[in-house]
Structures are given as structure tokens and as C-alpha cells.
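Presented below is the structure to which this report refers.
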Amino acid sequence: MNRRYFIRESCSICLGAMVAGWLAESLSACATSKVLQAKMQGRAVELAESILEDERFHVVEAPGVRYRIAVRRLTNGQYVALLLMCTHARNPVTLTGNSFYCPLHGSRFDSQGNVIQGPAQQPLIHLPAQPDRQGILHIGLQDWMLES
Ligand code: FES
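Following the numbering used here, the numbering of the sequence shown begins with 5 at its first residue and continues without gaps.
Written out as C-alpha cells, the structure reads:
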């Protein structure tokens, strides 16, 4: 094997690995791209618990709310609700598998909303999420999260 052949083959393998990584991340994002529609009741987002049966994140949007919300049911029956707003410069973040990515400057957040890559310094905002006896999950918002 000569040097030129070795370099060409090595570059081909690296390029293939990069494309495979990009494809895996893109497909992961596609797999979670379905957005659930929720209702508003006052300053709370409401949706049926029955559509959140499994333990993966679901992306929810509601009329009049500036950002989407990622909601996940935990094994103990509690819920995690994260506002999908980057804490760096308020750009929307996207769900990629079980973590979150901001395409504006590249911040990444783990499944708890903690920063794993900056420039963001603060975690994603956790929203209070409480189910009622009728099986409706209520997610509390603050005024600034609503469109005026
Ligand atoms: S706005 Fe998200 S990284 Fe800058």
C-alpha cells in the first residue's frame, strides 16, 4: 500500500463516518419531530396524560405560547416539562433523541435540561407540571412566555 492510496482510503473512511453520524442525528431528530397540540386554560397548557404514556419526551405546542414545551412522564408518575427556549439568547431549541440542541450558536442540553455544551450557561427552564384526577396534565407558564 503506497502513501497516496493510504491517505485516500483514510479520508474516505472518515468522510463516511461523518456522514453516518450526521444521518444518525438527523434521523433521531425526525423520530421525535411529531408535535402534539395542546389547549390553553388561563396561563396553563393542558393535555391528556393518555398521550404521554411512554417515558420519552414529547414536544407540545399550544396557541399563544411563544415556545414549544418538551414533556416526559417519569417512572414514578411525575412529569418533567422543559421550555424549549435556549437560555443563551432565547432561540428555540430542538429535541434530538433524548437531549436538546440550539441551532443558533450550538448549545446542547441533556435530558434534565442541564448545559452540556455552551455558550449557554443556564439550564433550560423547568415548568411546573401537575396532573388532575381527570387525567389532564396542567403545565404552568409565566406571563412572558405568552404572546402578547
Ligand atoms: S441562542 Fe442558543 S446557543 Fe445562542
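Even glycine gets a Cβ: it sits at the ideal position worked out from N, Cα and C. None of the values given here were measured: they were computed from a predicted structure.
Taking 7 Å as the cut-off, the C-beta of S54 does not count as close to any heavy atom of the ligand FES. DSSP places E65 in the strand class (E or B) of the three-state scheme. Cβ-Cβ distances below 6 Å link D114 to S103 and I120 in the same chain, with the five nearest sequence neighbours on each side left out; the list follows chain order.
With contacts defined as CB atoms closer than 8 Å, A42 and V64 qualify as a contacting pair. A straight-line Cα-Cα distance of about 30 Å links S111 and E53. Within the DSSP bridge table, the entry for M149 names no partner.
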